[in-house]
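Quick notes on the structure that follows.
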Amino acid sequence: MSFDRRVDLSNGLEDVPVLIEWNIAVRKFPEFQYSPDNIQGPGCTIDPSEVTLPGCSCLSRSCLPENCSCLQTHGQAYDTTGTRLNLSRTNSGYCSPLFECNALCTCSDACSNRVVQRGLRLRLEVYSTEKRGWGVRTLEAIPHGTFVCEYAGEVISFEEARRRQLAQRAEENNYIIGVREHAGTGSVTETFVDPAMVGNVGRFLNHACQPNLFMQPVRVHSVVPRLALFAGRNIDAQEELTFDYSGGYSNQPPVELLSTQSDAVTQASRADGLQRKECHCGANHCVQFLPLDLSIIN
């Protein structure tokens with residue numbers, strides 16, 4: 001058996017190398033193109049890299065709520081150290097998006113309202129788990145509320161997501177995540193990301209019914225959100241990083257979450273012939289199966 005921790009999965013695209021515990025005797029490593037950011041895929045009408053949001057005119061090192069148009073419009077998402085505020089989930093049934101300062105803002109790169117855009121800052125390692133294929137663990141302790149990594153890949157339409165899902169073979173993994181946001185009175189936005197062929201370290205994160213990460217849509221330069229993962233509690237070094245593919249903070253079974261979905265998405269998720277896979281997370285309150293194949297995070 002051969003191990004090599006010197007391999008950087010990102011090939012230098014991340015500021016902090018993403019290490020691989022390489023063991024060719026266990027399983028074949030998947031082929032994909034590494035990208036730290038979302039890219040435009042089929043059906044996506046907006047380039048995620050295009051700067052489309054207005055910026056603030058702050059000249060200070062770090063923006064303050066009393067004089068920053070970004071913070072006044074969207075609220076303060078982080079404390080002065082860049083740690084996520086307001087960690088409890090709302091009762092709306094939908095994600096509430098966060099907004100960071102962007103490329104058009106005049107504040108410095110050190111502004112506390114610039115967190116996800118700074119990219120990976122933690123030492124993570126992709127490794128071969130015993131029962132769940134490849135996984136990701138942290139090589140350092142992570143405090144509660146810390147940004148960990150993005151779930152980056154191709155941004156695609158619902159129709160393309162559904163086409164890809166139906167084209168998958170039974171032995172293939174589904175990586176598509178859909179996030180539904182409540183963007184105002186009667187306004188709901190959906191974003192679908194598929195990191196199967198183009199993605200970052202987030203594609204290797206496993207599901208858990210009692211996860212240590214939670215997903216939050218964050219808008220930086222574009223109206224297309226980034227799917228950011230934050231620490232839902234204090235996480236120890238060498239601990240596997242996981243999130244709930246169905247999006248529940250309180251570990252609701254996916255069947256309960258379906259009641260909040262639109263008819264179209266619900267019917268798509270319940271399509272005939274889709275075989276649910278067993279969950280091996282080992283949680284005390286494991287729901288026994290992974291969420292339905294087309295995961296929708298509310």
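For the sequence shown, counting from 1, position 170 maps to 170 in UniProt numbering; every step adds exactly one. Note that the Cβ used here is the ideal one computed from N, Cα and C, for glycine as well.
Where Q210 is concerned, there is no enclosing beta strand (DSSP E), because DSSP gives it neither an H nor an E. Within the same chain, Cβ atoms closer than 6 Å to the Cβ of S57 are found at T106, the five residues on either side in sequence being excluded.
In the DSSP assignment, F147 falls within the beta strand (DSSP E) that extends over 147-150. Taking the CA atoms as reference points, S108 sits about 24 Å from Q216.
A161: member of the alpha helix (DSSP H) spanning 158-167, first to last residue.
Put simply, of Y245, E21, C286 the residue whose alpha carbon is nearest the alpha carbon of S128 is E21. For T80, no alpha helix (DSSP H) encloses it, and the DSSP letter there is neither H nor E. The stretch 29-41 makes contact with the stretch 193-208, as at least three CB pairs between them are under 8 Å.
When rounded, the separation of the alpha-carbon atoms in V136 and T73 is 36 Å. Secondary structure of Q40 (DSSP, three-state): strand. When the beta-carbon positions are compared, R114 and E130 stay at least 7 Å from each other.
Nearest in C-alpha terms to D236, of all of A141, S157, V224, R180, is A141.
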